[in-house]
Amino acid sequence: MIKNILLKIRLFSKARKEPYLLFYRVLGFYPNKIDYYQLAVRHKSVSIPTQNGNPLSNERLEFLGDAVLNSVVTDILYRKYTDKQEGFLTNTRSKIVKRDSLNQLAIEIGLDKLVKVTKYVNANTNNNIYGNAFEALMGAIYLDFGYKKCKKFVENRLFTTFVDLEKIVEDEVNFKSKLIEWCQKNKLQLDFILLEDLLDGPNKHIFTTQLTIEDKVICEASGSSKKESQQQVSYKALQLIESSTDFPSEIRLKTSEIGE
């Protein structure tokens with residue numbers, strides 16, 4: 003309790019100092035250890051040497067902040083969407099933390115105005131600089147105040163004002179449609195086969211769907227509805243497709259082997 007009061011007094015005394023005020027406008031709260039935040043906006047092109055001669059920039063903070071941001075967003079989505087499966091959660095998170103989104107978010111909160119970069123690097127054409135600085139900022143908050151403050155910043159500052167989470171969810175990629183489109187493009191026949199409809203508790207069903215392409219079993223997945231199980235099995239199939247160098251040829255080859 004006393005520690006929190008002393009912290010508030012110390013922050014209040016710093017509030018009128020320009021660096022603190024600048025970051026307050028971005029964060030919505032005053033930093034405690036300003037050095038973390040000043041380092042977070044320092045691009046490697048203007049790195050400063052340490053005592054041992056190593057260049058000091060925001061790259062290490064960016065590494066830390068990337069992990070913190072992914073953890074915070076995962077935590078929020080997991081608790082908010084209790085009835086959604088892994089595929090939905092993964093896809094929604096990827097939309098929030100993808101590079102384009104972070105670049106835009108950094109600009110919207112005004113972080114781009116604080117980024118220090120050499121004049122020889124065009125920050126307007128290389129705007130990943132801003133997204134990288136945003137991740138570094140998350141690392142700074144984590145070192146300064148800890149995980150809970152990072153989560154509060156994302157929930158109360160970003161999701162309330164700058165990130166329309168509901169719109170992101172509405173625009174979620176329809177894995178089934180995407181898979182059907184891929185199969186049509188490659189002239190492959192696919193089928194969704196309902197394998198099981200189990201009752202798991204009062205009025206709670208678990209549906210298991212099997213996906214076949216050209217009559218070859220590709221994968222299986224479950225969900226709380228037929229639609230959900232088809233989305234999940236489509237997601238699994240798309241993951242297999244993305245990890246393969248030539249999935250259509252593999253399917254056709256195995257289909258011909260079955261015919262022989």
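With our numbering, letter number 144 in the sequence shown gets 146, and the count goes up by one each step, no holes. In this text, a Cβ means the ideal position worked out from N, Cα and C, and glycines have one as well.
Asked	Found
Every unbroken alpha helix (DSSP H) within the segment 212–238, with a cutoff of 4 residues, ordered by chain	none
Residues near residue 59 in its chain [Cβ-Cβ closer than 6 Å; skip 5 each side]	44, 46 and 49
Minimum C-alpha distance to residue 211 - residue among 145, 235 and 135	235
Whether residue 192 touches residue 240 by CB criterion (8 Å)	no
Segment limits, alpha helix (DSSP H) that includes residue 107	101–110
Cα-Cα separation, residue 156 to residue 74	8 Å
Distance between residue 150 and residue 112 (C-alpha atoms, nearest Å)	23 Å
8 Å Cβ cutoff met for residue 209 and residue 196	yes
CB-CB length for residue 24 against residue 116, believed under 8 Å	6 Å
Simplified DSSP state of residue 31, which is helix, strand or coil	coil
Distance between beta carbons of residue 71 and residue 99, contact taken as under 8 Å	6 Å
Nearest-angstrom Cβ-Cβ length linking residue 32 and residue 22, presumed shorter than 8 Å	5 Å
Residues sharing a beta bridge with residue 118, DSSP	44
Three-state secondary structure assigned by DSSP to residue 21	helix
Straight-line Cα distance separating residue 201 from residue 262	Model confidence at residue 262 stands at a pLDDT of 48, short of 50, so the residue's coordinates are unreliable; what they give is reported in the following sentence. The alpha-carbon atoms of residue 262 and residue 201 are separated by roughly 41 Å.
Segment contact flag, the segment 223–237 with the segment 77–87, C-beta cutoff 8 Å, min 3 pairs	yes
Proximity of residue 179 and residue 207 at Cβ, strictly below 8 Å	no
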